[in-house]
Amino acid sequence: MGRRSCASVPVILVGALVAVVHYTVVFVVIEEWLGLFSAPGLLNALFFSCLTLMALLSYILAIFRDPGRIPHSYMPDMEDDHISVHEVKRKSGDLRYCQKCAFYKPPRAHHCRVCKRCVLRMDHHCIWINNCVGHNNYKAFFLFILYVVLACSYALILLAGYMIDFLGEDEEFQGASINRHVSTSVSAPIVLKVVCAVILVPLTVALVVLFGWHVYLLLNNQTTIEYHEGVRARWLAGKAGQTYRHLYDIGYYTNAVTVLGPNVVTWLCPTFVGHIGSGLRFPTSHDGTDVDSSNV
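Under numbering that gives the first Met the number 0, think of the first position of the sequence shown as 0, with each following residue one higher.
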């Protein structure tokens with residue numbers, strides 16, 4: 000998976016985009032506007048670089064961390080009182096079994112046609128990480144989106160501040176500045192700033208929407224697959240005058256804890272995933288088990 004990920008065109012594009020935006024913001028915008036080695040310039044550069052670094056760390060983990068494999072020794076617990084809730088097909092009542100992998104499927108596991116194997120708590124296959132988003136790398140994927148949203152938003156704020164300050168100068172200084180820029184023709188820094196702004200505006204909007212979507216999934220303890228599978232169930236419940244509740248929805252805070260961890264201090268660190276358990280069993284709203292029961 001590692002070699003295939005490195006050779007992926009979308010992954011290379013993401014890396015190139017991060018490099019271009021970081022260079023433009025730090026070494027062009029901040030340098031020209033505040034001075035890179037002034038106190039305000041240095042603080043802004045360090046803060047933006049920290050956001051970029053955390054985004055890259057989360058991105059690398061999302062790419063190279065295995066999303067979750069079904070152990071060869073896995074067998075459903077036939078004596079489990081909740082076997083019908085956890086591990087059966089909705090229509091036939093048979094145990095969930097993958098014909099392609101020749102494995103019984105744990106709850107929330109699905110077969111990925113791209114990866115050609117089953118993935119624990121599969122959310123979706125993402126071309127931008129050239130990997131499935133699943134049980135083991137969902138936190139890294141979630142934090143990657145968060146840090147990219149913060150970094151893009153901060154970059155836009157710096158670009159906007161730079162432009163407002165530049166356009167707000169007095170006419171004499173502005174004219175001199177314009178003449179200076181014109182005399183050097185259309186320089187590379189100007190092109191970089193324009194390209195950066197054109198890319199960042201729609202990208203930030205799209206990422207904010209994507210992050211909002213995954214916040215919704217996180218708070219409801221759902222995957223993208225489970226959300227779409229539950230569309231009909233929600234419609235039928237509403238038609239019958241009932242309230243639909245997702246099977247694995249055990250409360251907003253507890254739902255967040257199952258992904259981000261029990262210690263709030265480590266919620267924003269993508270390397271802290273010791274709490275997620277094996278991915279073979281999950282607490283449900285039916286059995287009243289706490290989050291620790293997911294550790295098998």
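From the three backbone atoms N, C-alpha and C, an ideal C-beta is built for every residue, glycine too.
Check                                                                                                                     : Outcome
Nearest candidate by alpha-carbon position, reference Y153, set C117, H213 and S48                                        : S48
Where H245 falls: helix, strand or coil (DSSP)                                                                            : coil
Residues of its chain near G40, where Cβ-Cβ distance is below 6 Å and the 5 sequence neighbours each way are ignored      : I29, L33 and G34
Alpha-carbon to alpha-carbon, H134 and L217                                                                               : 12 Å
Coarse secondary structure for C117, derived from DSSP in three states                                                    : strand
Extent of the continuous alpha helix (DSSP H) run through N43                                                             : A38 to F63
Per-residue burial, R112 [other beta carbons within 10 Å of its own, 16 or more giving buried]                            : exposed
Separation of I11 from V17, as counted between CA atoms                                                                   : 10 Å
Cα-Cα separation between C151 and G276, rounded to whole angstroms                                                        : 33 Å
Residue from H285, I156, A255 and S72 with nearest C-alpha to T203                                                        : I156
Closest by C-alpha distance to A44, when choosing among W266, F26 and I59                                                 : F26
Euclidean distance between Cα positions of N129 and P282                                                                  : 30 Å
Per-residue burial, R64 [other beta carbons within 10 Å of its own, 16 or more giving buried]                             : buried
Bridge-paired residues (DSSP) for Y103                                                                                    : Y96
Residues bridged to H110 (per DSSP)                                                                                       : C117
Beta carbon of C117 nearer than 7 Å to that of H110                                                                       : yes
Cβ-Cβ distance between I144 and L209 below 7 Å                                                                            : yes
Three-state secondary structure assigned by DSSP to C268                                                                  : coil
Where V8 falls: helix, strand or coil (DSSP)                                                                              : helix
Beta-carbon contacts of L60 that lie in its chain and below 6 Å, excluding the five residues immediately before and after : A139 and P269
Residue nearest to Y344 in terms of C-alpha spacing, selected from S72, A255, W212 and G237                               : As displayed, the chain neither begins before 0 nor continues past 295, which places residue 344 out of reach and without an answer.
Buried/exposed call for N262, threshold 16 Cβ in 10 Å                                                                     : exposed
Close Cβ partners of V19 (< 6 Å) along its chain, the five nearest in sequence each way excluded                          : none
Coarse secondary structure for H213, derived from DSSP in three states                                                    : helix
Local conformation of N254 per DSSP, three classes                                                                        : helix
Bounding residues of the beta strand (DSSP E) (the contiguous stretch that carries V147)                                  : V147 -> not in any beta strand (DSSP E); alpha helix (DSSP H) instead, spanning Y137 to L166.
Where H71 falls, given that 16 or more other Cβ within 10 Å makes a residue buried                                        : exposed
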